Amino acid sequence: MDGPSCLLAIDVQFGFVCAETEAVPSAVRSLCERVAFEHRVFTRWINPGPGGPFVDFLDYHGFQGDAAEIPLTDEVADLATMVVDKYTYSPFVGTDLERSLRELDVRTVVVCGIDTAVCVLSAAVGLFDRGFRPLLVSDASASMGGPDIHQAGLDVLARTIGPHNIVTGDDLAARWGEMHAVFS
0 MDGPSCLLAI DVQFGFVCAE TEAVPSAVRS LCERVAFEHR VFTRWINPGP
50 GGPFVDFLDY HGFQGDAAEI PLTDEVADLA TMVVDKYTYS PFVGTDLERS
100 LRELDVRTVV VCGIDTAVCV LSAAVGLFDR GFRPLLVSDA SASMGGPDIH
150 QAGLDVLART IGPHNIVTGD DLAARWGEMH AVFS
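Okay, so the sequence shown: first residue is 0 according to numbering that gives the first Met the number 0, each after it adds one.
Shown next, in the form of structure tokens:
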């Protein structure tokens with residue numbers, strides 16, 4: 000295999016778990032139990048507050064300070080080998096994520112999490128833009144906007160990162176050795 004394996008789980012946080020996304024934490028845990036990722040990076044979105052775009056442009060005040068919404072869910076918190084706090088949709092803006100992935104010699108990154116059409120999409124496209132191969136796990140991702148918004152995110156991702164880079168957790172687990180060799 001060429002390069003270490005890496006999972007990037009986006010924003011599997013208490014504040015993003017709702018009826019539409021409640022299956023994501025267990026799907027991410029199951030994925031980690033079936034695929035032996037060498038690195039498991041989890042992001043946490045934190046609202047930077049006044050002066051940041053979420054308060055200033057959207058008048059959104061959640062996820063600030065030590066809000067109960069911010070922690071990773073209990074189901075996934077122990078899985079993280081690295082946690083990246085981010086203050087925008089992208090896990091690359093204002094963080095050391097790109098440098099960390101390069102230092103780890105990662106080439107392919109398996110992506111999943113919440114919200115497919117927002118932060119997951121931003122992460123996958125950001126990986127692609129930086130020369131990493133994103134491999135999105137569709138059934139370990141969901142949208143708070145429901146299945147139609149989730150599908151819209153998948154449709155955009157199929158156009159931007161390629162439909163062959165969108166897989167299910169079962170497919171990834173069943174073909175991991177072969178896929179890791181091809182995608183690394």
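The C-beta atom is built at its ideal place from N, Cα and C for all residues, glycine as well. It should be emphasised that the depicted structure is a prediction, and the values quoted were computed from it without experimental measurement.
Sheet register partners of Phe41 (DSSP bridge): Beta-bridge pairing links Phe41 to Ala8, Val82.
field: For Cys31, the first and last residue of its enclosing alpha helix (DSSP H)
entry: 23-33
- prompt: Are Arg43 and Val16 close, meaning C-beta to C-beta below 8 Å?
  reply: no
query: Is Arg174 helix, strand or coil by DSSP?
result: coil
- prompt: Going by beta carbon distance, what residues of the same chain come within less than 8 Å of Pro52, once the five residues before and after it are set aside?
  reply: So the list reads Thr87, once near-sequence residues are dropped.
- prompt: How would you call Ser121, buried or exposed, if buried means at least 16 neighbouring beta carbons within 10 angstroms?
  reply: buried
Reference Gly112, options Glu68, Glu37, Leu135, closest by Cα: Leu135
query: Would Asp212 pass as a contact of Ser142 if the rule is Cβ separation under 8 Å?
result: Summary: the structure shown does not reach residue 212, with the chain confined to residues 0 through 183, and so no result is reported for it.
message: By DSSP's criteria, Gly112 is part of a beta bridge. Which residues make up the other side?
response: Ile9, Ser140
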